[in-house]
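**Student:** So for the sequence shown, my numbering puts the first residue at 1255; every next one is plus one.
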Amino acid sequence: MRSCNRNRVTVYVLNFTGMVDNVGSSGYKNGQKRASYSSPICFKANVGGTTGNEYAGIFGINLEYDRVMYITKSQIQELKIKEDSVLFIDKKPVYDANDSPLYNYKIKRICPTLNEVLIAIKQVRNE
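1. Determine, using beta carbons only, whether V1274 and S1290 come nearer to each other than 8 Å.
2. Quick one: measure Cβ to Cβ for E1332 and I1361, integer angstroms, because I've assumed they're closer than 8 Å.
3. In whole angstroms, what separates the C-alpha of D1344 from that of V1322?
4. Please name the residue in N1261, Y1349 and E1370 whose C-alpha comes closest to that of L1268.
5. Measuring only the C-alpha atoms, how far is S1328 from S1354?
6. Since F1270 and S1339 should fall inside the 8 Å C-beta cutoff, what is the C-beta to C-beta distance between them, to a whole number of angstroms?
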């Protein structure tokens, strides 16, 4: 029941591509680095809350996460989602003045199961 099509929400994923030099207001590199991400990729996924105990053993005891996302094995291969990818859930991608994404979730752990992939995600405050 948790993977019904009617329960799917729109999710945008940005995959980590590497570290790039940060450019200051003067237009020159300032010696700092920032994370660079791919263009947003839109897909549908089941995103649930973490109420219940059935997933406590899958992700580990000390892992802090807010929600669980369920996707198919073919989706994770197609989208190339990894633990350094970031997500926009319940909002469209937005960026700050330095062209850094203001994502609202990051991936904490990916756990493939027999039929699907469970992803523990943590909410972040990027405003």
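In this text, a Cβ means the ideal position worked out from N, Cα and C, and glycines have one as well.
Just so it is clear, the structure is predicted and the values come from calculations on it, not from any experiment.
**Tutor:** Reading off the structure:
1. Yes, these two residues count as a Cβ contact at 8 Å.
2. Not confirmed; about 16 Å, so no contact.
3. When rounded, the distance between both Cα atoms is 14 Å.
4. Nearest in C-alpha terms to L1268, of all of N1261, Y1349 and E1370, is Y1349.
5. Between S1328 and S1354, the alpha-carbon positions lie close to 29 Å from each other.
6. Contact between F1270 and S1339 holds, since their C-beta atoms are separated by about 6 Å, short of 8 Å.
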